[in-house]
Structures are given as structure tokens and as C-alpha cells.
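A short worksheet on the structure shown next.
Laid out in C-alpha cells, this is it:
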């Protein structure tokens with residue numbers, strides 16, 4: 001690939017991830033699934049709570065497939081106000097069809113009154129791979145936390 | 001336009017918006033007005049308070065024109081410490097002269113002691129259009145909130 | 001330099017700064033020093049406390065040299081959870097070997113229980129220069145604060 005082709009792919013992947021955050025936070029569920037490959041893998045094991053040393057998160061299942069990812073995210077986000085931000089991507093274009101990236105991130109989740117907590121704030125990194133087939137899509141997503149803060 | 005010309009425009013618009021945030025938060029009022037077209041439209045109706053269902057924000061006036069925008073922003077920001085951040089732009093270059101974008105954003109406003117509140121934190125998206133005439137400038141800006149949090 | 005060469009350099013510097021934040025927050029001390037030139041200057045004077053009007057920060061020493069920077073940052077960060085984010089770079093490529101940028105930033109520092117405070121949150125801008133020698137590296141870094149908030 002030429003340098004120009006790589007730069008175009010880098011910007012396209014930035015806009016793909018921007019659409020991911022925007023769809024999640026504005027509840028744009030029609031646009032959301034096409035941001036993932038059919039068989040995408042979504043691994044946020046342990047990311048939604050204070051990590052518990054007694055839990056082996058690697059033994060928990062990941063979410064597999066675009067439809068299951070939509071169902072999982074939509075069910076979790078629908079009752080909440082959510083704000084997800086991404087930062088400082090390190091995107092590497094491996095070939096015209098494959099790429100990977102690390103993104104810093106944070107998210108704020110605000111359940112309705114009477115929920116299990118008042119505010120969730122999480123900080124961490126996404127480790128992702130992408131596949132190109134007409135457009136770039138997220139192929140695998142893994143979230144690892146630096147810190148989680150829950151206000152009750 | 002070539003792909004390269006579009007990438008240059010995308011980066012130029014990112015730096016335009018970066019200057020917008022920097023001028024606002026460092027109170028760089030001399031540089032600020034030239035970031036907008038002469039007849040720019042600045043629509044932050046309802047963005048500076050908890051949205052009130054009884055208010056029809058669409059009936060409120062927008063700020064029109066570079067000079068009015070400067071006056072409005074400078075008057076609002078001068079007494080405060082402000083921190084505005086933009087994230088995850090989705091920039092579309094429509095022609096050599098026109099572009100549009102969505103930006104995720106948040107802002108923190110800290111009035112001096114004795115002010116109406118201690119801290120304002122807002123989260124949302126900017127929907128913007130741009131015009132090129134020697135340089136890119138903001139032509140229209142519309143802010144829509146995901147959430148507003150006011151600490152008294 | 002061609003426009004394309006400048007765009008490549010801009011993206012490379014974004015990824016350099018992304019690695020800076022990631023190494024700091026994930027304590028990646030092996031990768032960290034090579035992000036700086038041998039004789040880099042690291043100026044965060046006054047950035048780690050509420051600015052005190054009686055202190056002349058310009059008279060305090062800066063950290064000079066890659067090894068001293070590593071020692072300073074590693075000693076400060078090792079006991080903490082840290083979250084550093086950069087935003088909205090204004091990167092200017094001056095020549096094939098030199099560049100400069102302004103970055104908006106914020107950081108959150110969380111000491112272990114019993115530390116001098118519970119949470120530090122800082123907001124400001126980095127003013128940086130870069131040098132290219134096989135890869136881009138940070139040559140000078142200066143942090144200026146908009147605001148610091150310390151929760152005890």
C-alpha cells in the first residue's frame with residue numbers, strides 16, 4: 001500500500017470508531033450493527049464492574065457476532081444516559097484488508113433514579129482489529145480497564 | 001477533489017476546531033472571530049442549562065454573525081474557568097469550499113466563588129458546517145446535549 | 001516537503017503522543033524513554049499542585065535528558081493509578097526534522113489509600129517540539145494548566 005492509501009485507511013478507521021461511539025450514546029441502533037463484521041468478537045469481560053480478584057474473567061464468554069453485540073449493547077445502554085469518548089488512537093494498517101489499533105477511552109454511565117448506582121465512570125484502552133470489505137468494520141474489540149469508579 | 005486534497009482539508013478542519021477550543025479556554029479573543037465566517041450561525045440553545053420540557057428552544061434566537069458570536073462567547077466565558085474538549089470527529093468534505101462534521105464534546109465551567117453554581121459539566125455533540133475561503137472557517141455550529149450536570 | 005509528507009508526519013506525531021500517554025498510564029517504562037530525544041527537556045513546573053502565587057516557577061529547574069525524564073515520571077507514577085488524555089492537536093511540521101504542537105490535555109491521578117490526597121484532576125495544554133531522526137521524538141514538552149482540582 002502507498003502512504004496515501006494508509007492515511008486514508010487511518011482516517012476511515014477513526015471515523016468508524018467515531019460512529020461507534022456516536023451510535024452508542026445517541027442510541028442509533030439501526031446504524032450500529034454494520035460497524036461490525038458479521039462474526040465480530042466483543043470482549044468487555046470485567047469492564048463493567050470493579051475488577052474482583054476472585055473472578056477469572058478469561059473463563060467468561062465473549063459476545064460473538066454482530067447481532068449478539070447489538071443485542072448486548074442495546075440492552076445495556078437503552079435505560080441509561082451514556083457518554084463514551086475515545087482518544088489518541090495508535091492505528092496500524094497491516095494490509096488493504098486488515099488493521100489494528102489501540103484507543104484510550106473513558107465512559108460515563110448514568111442509570112435512571114432507583115438504579116443500582118448513580119454514576120459509573122470507567123477508564124481504559126480498547127485493543128481492536130478491523131477488516132475491510134467495501135468499508136472498514138470492527139472485527140475484534142477488547143476493553144481493558146485502568147480504573148473504574150462507581151458512585152452509589 | 002483527490003483523496004489527498006480531502007485528507008488535507010480534514011486535518012485543516014481538525015486544527016480549526018482545535019483553535020476554537022484553545023481560544024475559548026485561554027481567552028484568545030483576538031484569534032477567535034476569524035475562526036468563523038462573517039455570517040456564521042451559532043446555535044447553543046438550551047445547552048447551558050438542564051433542558052426544561054416547558055421551554056421550546058426552537059423558538060429562541062440563535063447567535064448570528066461573527067461579531068455577535070464573539071460578544072456572546074466572550075461575555076459568557078470571561079468570568080469563568082472553562083475547559084472544552086472535542087473528540088472523535090466525523091468530517092465529510094463535500095466540495096473544495098464546503099464541509100460538515102459531527103464532534104463529540106464535553107465542557108466544564110467553573111464560576112468564581114459566589115457564582116450561581118460551583119461546577120457545570122456538559123456532554124454532547126456539535127453538528128457543524130464549514131466554508132473555505134482562503135482558509136476553513138466554521139459556518140454553522142449547533143450543539144445538542146446528551147447530559148448536563150450542575151453542582152451547586 | 002509535499003503535503004503528503006506533512007500529513008504522514010502529523011499522523012506519526014499523533015501516534016508518538018498516543019504512545020506517550022499509553023506508556024505513562026500502563027507503566028510501559030521500557031518503551032517510554034525512546035519517545036524522547038536524548039537531550040529532551042520536560043517542563044511541568046507548577047503543574048502538579050494548585051499554582052501558588054508566591055512561588056516563581058520559572059526559577060525551578062526543568063527535567064533535562066531522556067533518562068532524567070524517565071526517572072522523574074516513573075517515580076511519580078509508579079504508586080498511582082493515572083489517566084492522561086490528549087485532545088485536539090495543532091501540529092505544525094516546520095521541516096523534515098522539526099515540528100511543534102499544542103495539545104489540550106487532562107489527567108487524573110489516584111494515589112493509594114493513605115496518600116496525600118484522594119484524587120488529582122488537572123486540565124491544560126502541552127506546548128511541544130519534536131525532532132525526527134529515524135522516527136519522531138519529543139524534544140521539548142511544557143505543560144501549562146487551565147485548572148487543577150485536588151480532592152482530599
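Chains as they are written, first to last, in our numbering: chain A, 1 to 152; chain B, 1 to 152; chain C, 1 to 152. The beta-carbon is built from N, C-alpha and C at its ideal position, and this holds for glycine as well. Please read these numbers as outputs of a predicted model, since none were measured by experiment.
Proximity to residue i [Cα-Cα], best of the options
i, options, result
"residue 133/C", "126/C, 108/C, 97/C and 118/C", "97/C"
"residue 45/B", "80/B, 55/B and 119/B", "55/B"
"residue 72/A", "48/A, 52/A, 4/A and 124/A", "48/A"
"residue 18/A", "144/B, 147/B, 146/B and 104/B", "104/B"
"residue 12/B", "149/B, 137/B and 148/B", "137/B"
"residue 43/C", "88/C, 126/C and 20/C", "126/C"
"residue 145/C", "110/C, 28/C and 57/C", "57/C"
"residue 29/C", "53/C, 5/C and 69/C", "69/C"
"residue 24/C", "79/C, 99/C and 131/C", "79/C"
"residue 61/B", "151/B, 142/B and 150/B", "142/B"
"residue 128/C", "6/C, 16/C and 53/C", "16/C"
"residue 152/A", "31/A, 10/A, 113/A and 84/A", "113/A"
"residue 74/A", "99/A, 106/A and 31/A", "31/A"
"residue 150/A", "130/A, 99/A, 6/A and 51/A", "51/A"
"residue 6/A", "106/A, 99/A and 84/A", "99/A"
Rounded Cβ spacing between residue i and residue j (contact assumed at less than 8 Å)
i, j, result
"residue 26/B", "residue 66/B", "Going by Cβ atoms, the distance from residue 26/B to residue 66/B rounds to 19 Å, so no, they are not a contact pair."
"residue 120/A", "residue 108/A", "7 Å"
"residue 64/C", "residue 139/C", "12 Å between Cβ atoms; not a contact."
Environment of residue i [buried if 16+ CB atoms lie within 10 Å]
i, result
"residue 124/C", "buried"
"residue 94/B", "exposed"
"residue 33/B", "buried"
"residue 14/B", "buried"
"residue 82/A", "buried"
CB of residue i within 7 Å of CB of residue j, strictly
i, j, result
"residue 166/B", "residue 91/A", "Because chain B here runs from 1 to 152, residue 166/B falls outside it and cannot be looked at."
"residue 76/B", "residue 21/B", "no"
"residue 122/C", "residue 148/C", "yes"
"residue 101/B", "residue 89/B", "yes"
Quiz prompt | Start-end ranges of the alpha helix (DSSP H) lying completely within the stretch 28-111 of chain C, minimum 4 residues | solution = If we require 4 residues or more, the alpha helix (DSSP H) runs fully inside the stretch 28-111 of chain C come out as 66-77.
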